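> Here it is: the structure, laid out below.
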Amino acid sequence: MESTPARELGAGMFVLLGFAALFFLATQTTNIESYINEDGYLVTATFEDVAGLKERAPVTMAGVTIGRVEKIEFDPDGLNAVVTMRIGPKFNRIPDDSDASILTAGLLGSKYVGIGPGGSETYLAANSRIELTQSAIVLENIIGKLLFRFGTESDHATSSTDAGPSE
Amino acid sequence: MAAPEAGTIGQAGRRLGAAVRKLGAVAFFLMAMLRALPYAMRRPALVWRQVHNAGVLSLVIIMTSGFFVGMVIGLQGYDAFSRLRQEDLLGAGAALTLLKELGPVVTALLFAGRAGTALTAEIGLMRATDQLSAMEVMAVDPMGRIAVPRFLGGVISVPLLTAVFSSIGILGAYFVGVQLMGVDNGAFWSQMQEYVESEDVWEGVLKSAVFGVAASLVAVFEGYTSERTAEGVGLATTRTVVITSVLVLILDYMITAFLL
Amino acid sequence: MIAVDGLRYATGTGRVIFDGLSLTVPRGGVTAIMGPSGTGKTTLLRMITGQIRPAAGRLLVDGEDVAALDRAGLYALRRRMGMLFQNSALLTDYSVFENVAFPLREHTRLPEPLVRTVVLTKLHAVGLRGAAALMPAELSGGMARRVALARAMVLDPELLLYDEPFAGLDPISMGMVLRLIRANNDVLGVTSVVVSHDVEQINTIADYCYVVSGGRVIGAGTPAELQDSASPLIRQFMSGEADGPVPFHYPARDYQEELFDGGA
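Protein chains in written order, with the working numbering: chain A, 1 to 167; chain B, 1 to 260; chain C, 1 to 264.
Quick look at the structure:
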């Protein structure tokens with residue numbers, strides 16, 4: 001046993017192979033990008049309704065994942081949901097008048113946050129807030145909204161209830 | 001020839017008692033191994049040798065099985081997803097199946113059959129031929145010298161073997177799905193990356209670590225406590241496979257239920 | 001060297017092995033413990049080495065109560081003992097050389113050249129220096145036992161225990177083992193305990209004998225004294241008669257009765 005370099009080499013190569021496989025699984029099967037862990041910056045947005053949105057859901061812009069939902073909290077004062085998102089550090093030039101919507105992947109897929117770009121020259125900073133939001137579409141509400149829209153000709157892009165008084 | 005009903009009940013009770021006692025014996029055995037841990041830690045070469053025995057020698061069967069399991073998933077997954085017109089999801093489906101379930105479970109079962117039985121038979125034979133007693137008399141603790149390195153070798157090997165199994169399996173599914181059935185190459189990988197979370201990878205790692213401990217513990221325990229006869233060693237080897245298999249499936253359900 | 005007093009022991013299944021066994025092994029001699037198969041001779045050796053504990057009674061080795069020792073004390077005591085197992089118990093993964101070197105590597109920090117010297121000296125003493133590179137599977141039974149003896153001697157123990165050292169050996173190997181046991185004792189001054197039922201061999205080698213049967217000592221003395229013993233049981237054992245106080249037949253019902261009652 002003391003003199004088995006071949007065995008030691010074999011065992012060493014096996015361990016390397018095992019870790020290589022683990023690395024392959026950890027990097028190739030999942031979508032780990034630069035924004036994981038503590039990198040990037042936090043942005044909040046307030047929604048009337050986040051129905052079905054989960055923590056770690058993707059945050060996308062133009063269909064590209066740029067971050068993840070960090071946490072979802074209930075705001076007892078505004079009676080709505082505060083979503084904290086972590087945006088990857090390289091996506092640091094998002095106009096500060098961009099809007100956030102809760103969208104659904106496919107017809108019945110999981111919920112994610114989509115950011116629609118605004119036109120401002122200044123960018124979202126760390127810990128800033130996205131003012132314009134559109135809540136999750138809840139099927140029952142759609143019917144109600146449709147009925148409402150037949151009655152008025154108003155803009156259907158509702159801003160969230162407490163978004164008004166800032167700045 | 002007593003009343004048959006009383007006999008059956010009595011037998012069931014005795015079996016239950018024996019099972020509980022065995023559980024206790026395993027707990028004591030684990031504690032004895034922990035106490036002997038420092039000895040083995042001072043001799044890493046012994047552990048490496050067992051990583052070689054448990055890991056390297058299982059590699060061929062793990063890779064072969066992994067590739068074929070992956071190819072079967074490729075075929076079945078393609079068939080199922082194509083009924084939903086969702087062939088692009090094959091990569092995600094195969095990866096999730098392998099990472100979370102088939103990789104850890106099948107690897108643990110194969111490990112029990114290949115390395116676990118070898119461990120039990122080896123230790124059982126050492127016991128039957130008084131090699132363990134001889135060590136004790138030579139003031140060498142066979143627990144530290146024989147049991148712990150083999151246990152650690154298994155504990156280290158199983159998660160690594162599982163990673164190899166899952167990786168090869170995904171390649172097998174890729175081979176069948178993309179190369180043979182014509183799923184789009186980009187969609188296969190991008191859909192996989194879209195739907196597989198790093199939690200799924202860690203779930204597989206956690207499971208394989210638990211299974212590695214369970215399979216190694218059963219194999220070493222059965223060998224160390226086998227009857228000192230050829231027949232006793234044979235029976236212990238069989239028990240290793242049976243107990244490990246059932247235990248792995250039960251643990252798999254418990255971990256899955258706990259994590260979901 | 002060894003003092004056994006009032007030893008009691010029963011197996012897990014309740015079979016009584018020792019029932020008040022008392023004997024002493026003087027320092028420096030060859031003491032034989034004889035008895036029919038199944039009288040617990042091997043069990044006694046396992047108690048001397050502290051692998052099992054007696055239910056009652058005391059067993060002192062060099063003044064130390066084996067059953068009362070803690071782990072470290074027991075291991076320290078074991079380093080001063082060597083034991084030859086009936087089936088040699090060589091480690092199958094290691095060569096003859098490494099088997100003999102095993103205790104040295106475990107318990108000493110000797111430099112490699114010195115290990116080599118000690119191992120080859122011991123192997124030479126048992127006449128197997130040439131077999132150093134062989135694996136245990138390549139050895140005959142007699143050779144394996146001599147290797148095991150070299151291993152038992154390698155730390156120069158004060159006490160050597162032999163478990164059935166003559167069982168299953170051809171006459172030549174037997175003669176070699178006999179010579180080695182005697183030489184160990186005469187040259188190195190080792191205290192030897194030989195457990196055996198081989199009366200003929202014991203007579204040529206032992207300084208003092210105990211005959212154990214039914215869990216206690218039924219006779220003691222030099223081989224010559226035992227030969228002339230008045231006890232019929234000892235005489236039966238020493239001369240190997242098939243029938244006597246130890247009956248040829250295992251206890252059973254009356255022969256005629258069992259044959260003719262049809263097995264109802």
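Idealized CB from N, CA, C, for every residue including glycine. A quick note: this is a predicted structure, and the numbers were derived from the prediction, not measured.
1) Would B:Gln86 and B:Arg150 be called neighbours here (beta carbons separated by less than 8 angstroms)?
2) Cβ of B:Ser226 less than 8 angstroms from any chain C Cβ?
3) Which residues, in chain order, does the stretch 31–61 of chain B contribute to contact with chain A at a C-beta distance below 8 angstroms?
4) Name the residue from C:Val96, C:Thr108, C:Ala55, C:Glu98 whose alpha carbon lies nearest to the alpha carbon of C:Ala76.
5) In angstroms, rounded to a whole number, what distance separates the CA positions of C:Gly261 and C:Phe237?
6) Is C:Ser231 near C:Gly219, with beta carbons less than 8 angstroms apart?
7) Kindly provide the ranges of any beta strand (DSSP E) runs that are 3 or more residues long and lie completely inside the stretch 43–80 of chain A, ordered along the chain.
8) Between which two residues does the alpha helix (DSSP H) containing C:Arg41 stretch?
9) Report the residue from C:Val211, C:Gly73, C:Arg145, C:Met81 whose alpha carbon sits nearest the alpha carbon of C:Asn99.
10) Under the assumption that C:Val126 contacts C:Leu160 (Cβ atoms under 8 angstroms), give the Cβ distance between them as a whole number of angstroms.
11) Does the count of Cβ pairs from the stretch 71–88 of chain C and the stretch 128–146 of chain B closer than 8 angstroms reach three?
12) Mapping the DSSP letters down to three states, classify C:Ser173 as helix, strand or coil.
13) B:Ala236 and B:Thr120: beta carbons closer than 8 angstroms?
14) Which one or two residues does DSSP pair with C:Thr24 in a beta bridge?
15) Contact criterion: CB-CB distance below 8 angstroms. Does C:Tyr75 meet it with respect to chain E?
16) Give, in chain order, every residue of the stretch 137–151 of chain B whose Cβ lies closer than 7 angstroms to some Cβ of chain C.
17) Beta-carbon of B:Ile243 versus every beta-carbon of chain A: anything under 8 angstroms?
18) Please compile the residues from chain C whose C-beta is within a distance smaller than 7 angstroms of the C-beta of B:Asp130.
19) Have a look at B:Leu30 and B:Val220 and give me their C-alpha separation to the nearest angstrom.
20) From this set, C:Arg116, C:Arg27, C:Thr42, which residue's C-alpha is nearest C:Met34's C-alpha?
21) Which residues does DSSP pair with C:Leu84 in a beta bridge?
22) For C:Val177 and C:Arg79, I'd like the C-alpha separation in whole angstroms.
23) Helix, strand or coil: how does DSSP classify C:Arg151 here?
24) In this structure, does DSSP put C:Val16 in helix, strand or coil?
25) Compare the C-alpha of C:His270 against each of C:Asp170, C:Val190, C:Phe166 and name the closest.
26) Look up B:Met138 in the DSSP assignment and say whether it is helix, strand or coil.
27) Please confirm if the stretch 72–92 of chain A is in contact with the stretch 43–50 of chain A, defined as three or more CB-CB distances below 8 angstroms between the two stretches.
28) If you reduce the DSSP assignment to three classes, tell me which class A:Pro89 lands in.
29) Here's a check: name, in chain order, each residue in its chain whose Cβ is nearer than 6 angstroms to the Cβ of A:Phe19, leaving out the five neighbours to either side.
Reading off the structure:
1) Within the second sequence, the letter at position 86 stands for residue 86 of chain B. Within the second sequence, the letter at position 150 stands for residue 150 of chain B. Contact flag unset, no.
2) By one-based count along the second sequence, residue 226 of chain B stands at place 226. No, B:Ser226 does not count as interfacial toward chain C.
3) Answer in chain order: Ala45, Leu46, Trp48, Arg49, Val51, His52, Gly55, Val56, Leu59.
4) Here residue 76 of chain C refers to the residue found at position 76 of the third sequence. Nearest of C:Val96, C:Thr108, C:Ala55, C:Glu98 to C:Ala76, Cα basis: C:Thr108.
5) Indexing the third sequence from 1 puts residue 261 of chain C at position 261. Indexing the third sequence from 1 puts residue 237 of chain C at position 237. Note that residue 261 of chain C corresponds to Asp in the displayed sequence, not to Gly. Near 36 angstroms, if we compare the C-alpha coordinates of C:Phe237 and C:Asp261.
6) Position 231 of the third sequence holds residue 231 of chain C. Position 219 of the third sequence holds residue 219 of chain C. Yes, these two residues count as a Cβ contact at 8 angstroms.
7) The stretch 43–80 of chain A contains these whole beta strand (DSSP E) runs: 58–61, 64–75.
8) Translated into the one-based positions of the third sequence, residue 41 of chain C becomes position 41. The residue asked about is misnamed: residue 41 of chain C is Lys in this sequence, not Arg. Here the alpha helix (DSSP H) through C:Lys41 covers 41–48.
9) By one-based count along the third sequence, residue 99 of chain C stands at place 99. Scanning C:Val211, C:Gly73, C:Arg145, C:Met81 for the CA closest to the CA of C:Asn99 turns up C:Arg145.
10) To locate residue 126 of chain C, count along the third sequence from 1; it is residue 126. To locate residue 160 of chain C, count along the third sequence from 1; it is residue 160. A Cβ-Cβ distance of about 13 angstroms is found for the pair C:Val126 and C:Leu160, leaving them out of contact under the 8 angstroms criterion.
11) A contact exists between the stretch 71–88 of chain C and the stretch 128–146 of chain B.
12) Position 173 of the third sequence holds residue 173 of chain C. Helix.
13) Against the second sequence, residue 236 of chain B aligns to sequence position 236. Against the second sequence, residue 120 of chain B aligns to sequence position 120. Yes; because the gap between Cβ atoms is below 8 angstroms, this pair is in contact.
14) Here residue 24 of chain C refers to the residue found at position 24 when the third sequence is read from its first residue. DSSP output for C:Thr24 lists C:Ala3 as bridge partner(s).
15) Looking for chain E here will not work: the only protein chains present are A, B and C.
16) Taking 7 angstroms as the Cβ-Cβ cut-off against chain C, the residues of the stretch 137–151 of chain B that qualify are Val137, Met138, Ala139, Val140.
17) The residue you call residue 243 of chain B lines up with position 243 of the second sequence. Not an interface residue.
18) Translated into positions along the second sequence, residue 130 of chain B becomes position 130. For B:Asp130, the C-beta contacts it makes with chain C under 7 angstroms involve Phe85, Asn87, Ala89, in order along the chain.
19) Working through the second sequence from its first residue, we reach residue 30 of chain B at position 30. Working through the second sequence from its first residue, we reach residue 220 of chain B at position 220. About 10 angstroms.
20) Locating residue 34 of chain C in the third sequence gives position 34, where the first residue counts as 1. Per the Cα distances, C:Thr42.
21) Reading the third sequence from its first residue, position 84 is the one you call residue 84 of chain C. According to DSSP, C:Leu84 bridges with C:Tyr162.
22) By 1-based counting over the third sequence, the position of residue 177 of chain C is 177. By 1-based counting over the third sequence, the position of residue 79 of chain C is 79. For the pair C:Val177 and C:Arg79, the Cα-to-Cα distance works out to about 23 angstroms.
23) Translated into positions along the third sequence, residue 151 of chain C becomes position 151. Shown here, C:Arg151 sits in a helix according to DSSP, grouped into three states.
24) If you number the third sequence from 1, residue 16 of chain C lands on position 16. C:Val16 falls in the strand class under three-state DSSP.
25) The question about residue 270 of chain C has no answer here: the residues shown for chain C are numbered 1 through 264.
26) Within the second sequence, numbered from 1, the residue matching residue 138 of chain B stands at position 138. B:Met138: coil per DSSP, three-state reduction.
27) Taking 8 angstroms as the limit for Cβ pairs, the verdict is that the stretch 43–50 of chain A does touch the stretch 72–92 of chain A.
28) Residue mapping note: residue 89 of chain A aligns to position 89 of the first sequence, counting from 1. Annotated three-state conformation of A:Pro89 is coil, per DSSP.
29) For the purposes of this step, residue 19 of chain A is identified with residue 19 of the first sequence, where counting begins at 1. Hits under 6 angstroms: none found.
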